[in-house]
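Counting along the sequence shown from 1, when you hit position 59 you're at 59 in the UniProt record's numbering, and nothing is skipped either side.
Quick notes on the structure that follows.
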Amino acid sequence: MRRKEPDSCGFAAALQAIGGKWKTSLLWELHLRPYRFAELRRLLPGVSEKVLTQQLRQMEADGLISRRAYDEVPPRVEYSITPLGFSLNDAVTVMSAWGKHHETWKSQRKAA
Numbered sequence: 001m002r003r004k005e006p007d008s009c010g011f012a013a014a015l016q017a018i019g020g021k022w023k024t025s026l027l028w029e030l031h032l033r034p035y036r037f038a039e040l041r042r043l044l045p046g047v048s049e050k051v052l053t054q055q056l057r058q059m060e061a062d063g064l065i066s067r068r069a070y071d072e073v074p075p076r077v078e079y080s081i082t083p084l085g086f087s088l089n090d091a092v093t094v095m096s097a098w099g100k101h102h103e104t105w106k107s108q109r110k111a112a
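Have a look at this one:
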């Protein structure tokens, strides 16, 4: 049996928090303003209700977003980014820039 080593550098924990096809997109959209569930679904064509719900719950459990349920009829729920989520957005922006640079490098390498 393999022993699970602790994540001493923290990178695995960061990847766990943003791992999932839609989490980085959700993080980006929610840093702009709070959204309701249906609005997020329209912003992310291709995401199912089930997956969107799962990823929102995971992000809430990780402290990246908050969920506010209003005591109204019909029910209204709004999602917003937390300060912790906002700080992760800074890291995701840097990773995005690196990814764009890497894609350019790969395309130049293929052309040569």
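Backbone N, C-alpha and C define an ideal beta-carbon position, used for all residues, glycine too.
Close Cβ partners of residue i (< 6 Å) along its chain, the five nearest in sequence each way excluded
i	result
Lys50	none
Leu43	Glu29
Whether residue i touches residue j by CB criterion (9 Å)
i	j	result
Ser66	Glu60	yes
Glu80	Leu30	One point to set straight first is that residue 80 is Ser, not Glu, in the sequence displayed. For Ser80 and Leu30, yes; Cβs fall inside 9 Å.
Gln55	Gly99	no
Nearest-angstrom Cα separation, counted from residue j out to residue i
i	j	result
Asn89	Glu78	19 Å
Gly63	Ala112	45 Å
Ser87	Leu32	13 Å
Phe37	Cys9	34 Å
Outcome for residue i when other beta-carbon atoms lying within 10 angstroms are tallied against a minimum of 16
i	result
Ala97	exposed
Tyr35	buried
Leu40	buried
Trp22	buried
Contact set for residue i: own chain, Cβ-Cβ below 7 Å, skip 5 residues either direction
i	result
Val92	Ile18, Thr24, Leu27
Residue i Cβ short of 8 Å to the ligand ADP heavy atom set
i	result
Val94	Here there are no bound small molecules, and the ligand ADP is not part of this structure.
Per DSSP, the bridge partner or partners of residue i
i	result
Ala69	Val77
Arg57	None, per the DSSP bridge assignment.
Arg36	Glu78
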